[in-house]
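Q: I'd like to ask some things about the structure below.
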Amino acid sequence: MEEESPYTHPMQNFSIGIIGAGHMGLALASGLASRMAPERIVVSDPHPDKRQRVHDLGISTPADNDSVVARADILVLAVKPQAVRDLCAAMAPRVRERRPLIVSVAAGIRAADIARWLGGGLAIVRAMPNTPALINAGVSVLWANDETTPGHREAAATVLGAVSEVFWLTDEALMDAATAISGSGPAYFFLMVEALAAAGAELGLPRDLSAALAAGTAAGAGRMVHDHPGEAALLRARVTSPGGTTERAIKSLLSEGFMEMLGRAAQAACDRSRELGEQLGAA
Numbered sequence: 110m111e112e113e114s115p116y117t118h119p120m121q122n123f124s125i126g127i128i129g130a131g132h133m134g135l136a137l138a139s140g141l142a143s144r145m146a147p148e149r150i151v152v153s154d155p156h157p158d159k160r161q162r163v164h165d166l167g168i169s170t171p172a173d174n175d176s177v178v179a180r181a182d183i184l185v186l187a188v189k190p191q192a193v194r195d196l197c198a199a200m201a202p203r204v205r206e207r208r209p210l211i212v213s214v215a216a217g218i219r220a221a222d223i224a225r226w227l228g229g230g231l232a233i234v235r236a237m238p239n240t241p242a243l244i245n246a247g248v249s250v251l252w253a254n255d256e257t258t259p260g261h262r263e264a265a266a267t268v269l270g271a272v273s274e275v276f277w278l279t280d281e282a283l284m285d286a287a288t289a290i291s292g293s294g295p296a297y298f299f300l301m302v303e304a305l306a307a308a309g310a311e312l313g314l315p316r317d318l319s320a321a322l323a324a325g326t327a328a329g330a331g332r333m334v335h336d337h338p339g340e341a342a343l344l345r346a347r348v349t350s351p352g353g354t355t356e357r358a359i360k361s362l363l364s365e366g367f368m369e370m371l372g373r374a375a376q377a378a379c380d381r382s383r384e385l386g387e388q389l390g391a392a
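Counting the sequence shown from 1 gives a position; the working numbering is that position plus 109.
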């Protein structure tokens with residue numbers, strides 16, 4: 110009888126290896142450890158302090174990557190884009206032997222380049238989670254290459270779903286746009302909260318109070334938008350009374366090119382993601 114694939118019943122059967130215990134690697138390890146047996150997870154990182162944070166979750170944390178590859182049905186590359194090429198070159202022989210599903214969370218790095226560095230013919234899923242994954246409130250955009258099966262895609266969605274909502278793309282080229290919107294997006298909101306808090310202080314509010322008001326307002330507004338997807342404009346209209354304070358503020362923002370400014374920011378992030386893929390993927 111043919112052996113059943115470990116991806117048929119993902120949460121029951123597969124073992125997950127994560128290379129890199131930075132913010133995203135730690136977030137994934139923590140989220141997964143709450144949903145599956147920690148002994149089915151292994152995480153490597155060269156820094157002892159980062160390994161200790163993962164070890165505290167009951168997860169095995171070797172310093173070397175070969176130990177991770179040797180145990181992983183799913184191998185998550187949670188390292189900076191600039192490190193992916195050398196990492197793949199070092200572990201390519203072991204990966205070709207084990208042939209795990211590769212899940213990369215490195216911005217801009219194309220699946221074809223990862224496959225080339227590892228030796229080709231591998232199932233690869235690119236994923237772009239964002240910072241709120243650290244509190245299990247992220248969103249992740251995924252794309253899978255032709256070597257992936259439905260079971261691979263289900264398994265990848267399960268891994269990222271431990272810390273985020275999951276959305277799929279059918280065109281890899283759109284990963285750069287997704288990176289610009291959801292991957293980099295939290296920083297745009299942090300900057301807006303920072304600016305709003307500073308404005309409150311300029312208007313005379315105590316700085317601590319202004320910061321708390323700005324943060325609480327962002328949290329509440331974010332919850333409302335999340336609960337009513339696609340209705341941001343309607344929500345805005347509901348709180349913008351004709352002739353009122355909000356209307357005057359919105360008119361000021363729009364007259365200063367607020368929408369265009371955000372569009373330029375997103376384009377800049379998208380361009381940089383594309384540049385990373387071209388520069389770091391060059392032969």
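Where is the CB? At the ideal position from N, CA and C, for every residue including glycine.
Do Ile127 and Val185 have their C-beta atoms closer together than 9 Å?
A: By 1-based counting over the sequence shown, the position of residue 127 is 18. By 1-based counting over the sequence shown, the position of residue 185 is 76. Yes, the pair counts as a contact, with Cβ atoms nearer than the cut-off.
Q: Is Asn245 near Ala271, with beta carbons less than 9 Å apart?
A: Here residue 245 refers to the residue found at position 136 when the sequence shown is read from its first residue. Here residue 271 refers to the residue found at position 162 when the sequence shown is read from its first residue. The answer is yes: Cβ separation under 9 Å.
Q: Please go through the same chain and pick out, in chain order, the residues whose beta-carbon is closer than 7 Å to the beta-carbon of Glu112, but skip the five residues on each side of it.
A: Walking along the sequence shown from the start, residue 112 turns up at place 3. Any reading at Glu112 must be qualified, since the residue scores a pLDDT of 46, below 50, and its modelled position is unreliable; no value is offered.
Q: Are the segment 175-189 and the segment 143-158 touching by the rule of at least three beta carbon pairs closer than 8 Å?
A: yes
Q: According to DSSP, simplified to helix, strand and coil, what is Val193?
A: What you label residue 193 is simply residue 84 of the sequence shown in a count that begins at 1. Shown here, Val193 sits in a helix according to DSSP, grouped into three states.
Q: Note down the Cα distance separating Gly386 from Trp226, rounded to an integer number of angstroms.
A: For the purposes of this step, residue 386 is taken as residue 277 along the sequence shown, with counting starting at 1. For the purposes of this step, residue 226 is taken as residue 117 along the sequence shown, with counting starting at 1. Looking at the two C-alpha atoms, the distance is approximately 14 Å.
Q: At the level of alpha carbons, what is the spacing between Lys159 and Ala346?
A: Residue 159 sits at position 50 when you count from the first residue of the sequence shown. Residue 346 sits at position 237 when you count from the first residue of the sequence shown. Going by the C-alpha atoms only, they are around 46 Å apart.
Q: Write down every uninterrupted run of the alpha helix (DSSP H) in the segment 127-177 whose length is 4 residues or greater and which is fully enclosed by it, in chain order.
A: Correct list: 132-142, 157-164.
Q: Could you name the residues that DSSP lists as bridge partners for Val250?
A: For this step, residue 250 is matched to residue 141 along the sequence shown. BP columns for Val250 point to Met237, Phe276.
Q: I'd like the list of long-range same chain contacts for Val275, defined as Cβ closer than 7 Å, with 5 residues on each side in sequence excluded.
A: Within the sequence shown, residue 275 is the residue found at index 166, counting from 1. Contacts found: Ser249, Leu251, Ala266, Leu269.
Q: On the criterion of 16 or more Cβ atoms from any shown chain inside 10 Å, does Met133 qualify as buried, or is it exposed?
A: Position 24 of the sequence shown holds residue 133. Buried, because 16 or more other Cβ atoms sit within 10 Å of the Cβ of Met133.
Q: Check for me: the beta strand (DSSP E) holding Leu210 runs from which residue to which?
A: The residue labelled residue 210 in the question sits at position 101 within the sequence shown. Note, Leu210: beta strand (DSSP E), 210-213.
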